[in-house]
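Numbering (mature numbering (1 follows the signal peptide of the UniProt record, and there is no 0)), first residue to last: -18 to -1, 1 to 344.
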């Protein structure tokens, strides 16, 4: 039998009746069963009714999702960015103001609608005050080992994200090419400095880098901001319609998932498994590399991530920044390999120097 509890215009469903559940708990006392029971609780699906601007919207989340994830789901149907949202719900105090709180920790009651207050960002400009802000309250040390809690729950989150988020191809995937995934802010562009022309904030040698990489790699751009910001910024920088290379796809913050750790709490990351699951005939862990200035963004796929030096204070560093020139050599050197899985991208500069010496000697 299937017992359902109606909640906020939707339902929470569990397998079996309450009596059957009690009997099952009495029979299964080992740690494996206890873990399964805990997982079942966090897998409960919630269908929530959210009121905003005189309309009512339905969003679907799970108990192991965070408030931040709920805001992303609300953003999907309202286009109000998570950072612009204020969620109101009776008798829950300040819990909805903390993006790291799990929904299973909030006492949601039947037939009570949630209210969201927020405005859509129609005009995105370069001004420092108005540009989307990436919360960067911490960064992982280069040698820091992150203890991700309950990896099975994270796998379930990834499976849900694969079902919910469909990557739209701007250009076809190319057989035999490897995959390069690039962050935007502080990786390709200094998004916090101000300038009359966005090209003044573009990282030096960006187009030369993308042109060289395109010979061996399909290129995807993945930013922790909204899709509108990604599209506008890439258009302003001349990336989307460049005649010398093509961008395969753009991904935004809605493609990210939250993970929980003992040492760093709950934070968002970019799971490459989302891309691999949707294009398995083209990309996998052995032919994918991601550049990001935040190591935590590839915490679920540390073997595939390379931490790029952040490009800040563009007006001062523009003349001296050579990061993309050096990384071009590294990308082309490893493109000759059939398998990236044995590489340690933390030592990419040593690898690139050794590769250059070998070419000179030959």
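Glycine residues also receive a C-beta, built at the ideal position from the N, C-alpha and C atoms. Bear in mind that the values here come from a model prediction, so they are computed numbers and not experimental data.
A Cβ-Cβ separation of about 6 Å places residue 168 in contact with residue 294 under the 8 Å criterion.
Within the same chain, 272, 274, 277, 280, 327 come within 7 Å of residue 287 by CB-CB distance, once the 5 residues on both sides are set aside. The residue among 52, 75, 233, 305 with its C-alpha nearest the C-alpha of residue 67 is 52. The beta-bridge partner set that DSSP reports for residue 98 consists of 69. As computed with DSSP, residue 164 is found in a beta bridge with 203, 273. Judged by DSSP secondary structure, residue 212 falls within the alpha helix (DSSP H) whose first and last residues are 209 to 218.
Between residue 69 and residue 208, the C-beta spacing is not below 9 Å. Beta-bridge partners of residue 57 (DSSP): none assigned. In this structure, residue 140 sits near residue 253, with a CB-CB distance shorter than 9 Å. By the neighbour-count criterion, in which a residue is buried when 16 or more other Cβ atoms sit within 10 angstroms of its Cβ, residue 262 is exposed. Boundaries for residue 80: no alpha helix (DSSP H) harbours it, and the DSSP string shows neither H nor E there. Residue range 37 to 44 is occupied by the beta strand (DSSP E) that includes residue 42. With the rule of 3 Cβ pairs closer than 8 Å, the segment 85 to 99 counts as touching the segment 28 to 45.
With contacts defined by Cβ atoms closer than 9 Å, residue 236 and residue 203 do not form a contacting pair. Judged by DSSP in its simplified three-state form, residue 197 adopts coil rather than helix or strand. Here the C-alpha atom of residue 247 lies approximately 39 Å from the C-alpha atom of residue 193. Here the alpha carbons of residue 256 and residue 133 stand approximately 16 Å from one another.
Approximately 4 Å separates the beta-carbon atoms of residue 41 and residue 55; this is inside 8 Å, confirming the contact. Across the set 39, 181, 145, the C-alpha of 145 shows the shortest separation from the C-alpha of residue 258. DSSP places residue 234 in no beta strand (DSSP E); its state is neither H nor E.
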